[in-house]
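Here is the structure we will look at.
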Amino acid sequence: EEVKKLQKILALDKTIYPEGLVTGYFGPLTQAALKKFQVKYGIAKPGDDGYGFVGPKTRAILNQP
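All letters in the sequence shown, in the order written, are residues 733 to 797 by the numbering used here.
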């Protein structure tokens, strides 16, 4: 269910997650979208700890209304 919530949020921005799939599976498409989200919001970039994973900083932005 947590992955589905993540996918729904990511799917709101077609530049981040154009596939928009809400499957509950955290696979390569979801991870790629999450990485784009993190870069867009200045959370993490390639080489940073937590890049491509939902940590506290990412969760804080995802939970904003």
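All C-beta atoms, glycine included, are put in the ideal place defined by N, C-alpha and C. Predicted model only: the values in this text are computed from it and were never measured.
Check: If you run the structure through DSSP and keep just helix, strand and coil, what is Q796?
Finding: Translated into the one-based positions of the sequence shown, residue 796 becomes position 64. DSSP places Q796 in coil when its eight states are reduced to three.
Checklist line | From L761, G756 and G779, residue whose alpha carbon lies closest to that of P750 | finding: Numbered from 1 along the sequence shown, position 18 holds the residue referred to as residue 750. Comparing Cα positions, the closest option is L761.
Next item on the list: Could you tell me the boundaries of the alpha helix (DSSP H) in which K746 lies?
Entry: Locating residue 746 in the sequence shown gives position 14, counting from the first residue. Per DSSP, K746 belongs to no alpha helix (DSSP H) and is neither H nor E.
Note to self: Let's test the definition: count the other Cβ atoms within 10 Å of the Cβ of F785 and tell me whether it reaches 16, buried, or not, exposed.
What the structure shows: Numbered from its first residue, the sequence shown carries residue 785 at position 53. Exposed, because fewer than 16 other Cβ atoms sit within 10 Å of the Cβ of F785.
Next item on the list: Spatial neighbours of L753 within its chain, please: CB distance less than 7 Å, with the 5 preceding and 5 following residues excluded, ordered by chain position.
Entry: Within the sequence shown, numbered from 1, the residue matching residue 753 stands at position 21. Counting only Cβ-Cβ distances below 7 Å, and skipping sequence neighbours, we find Q739 and L761.
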